[in-house]
Amino acid sequence: MAKKSLFSVPLVRELMVVLLIKLVLIFAIRIFWFSDPVDMTNPQDAVSQQFGLSTITPSQSEDQQ
23 MAKKSLFSVP LVRELMVVLL IKLVLIFAIR IFWFSDPVDM TNPQDAVSQQ FGLSTITPSQ
83 SEDQQ
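Reminder that position 63 of the sequence shown reads as 85 in this note's numbering, one-by-one numbering, no gaps.
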């Protein structure tokens, strides 16, 4: 009796296709959104800019007093 290939079973083929699609999507997301290094020289300014807040530096707060 000839041995059937593992990939001749429809369920195995479908699971492999779904797994490959998921892996491609995960790597695409990783490349597009997480490939550039994050500039952390002044994270407070970056967060404030994202939320549309004005940044107050220590020199500005001393001037206001």
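A virtual CB, placed ideally from N, CA and C, is assigned to each residue, including glycine.
Keep in mind it's a predicted model, so treat the numbers as computed, not measured.
C-alpha gap between residue i and residue j, whole angstroms
i   : j   : result
S70 : T63 : 14 Å
W55 : F73 : 19 Å
L28 : S57 : 36 Å
Boundaries of the alpha helix (DSSP H) in which residue i is found, first to last residue
i   : result
K44 : P32 to F56
P65 : P65 to F73
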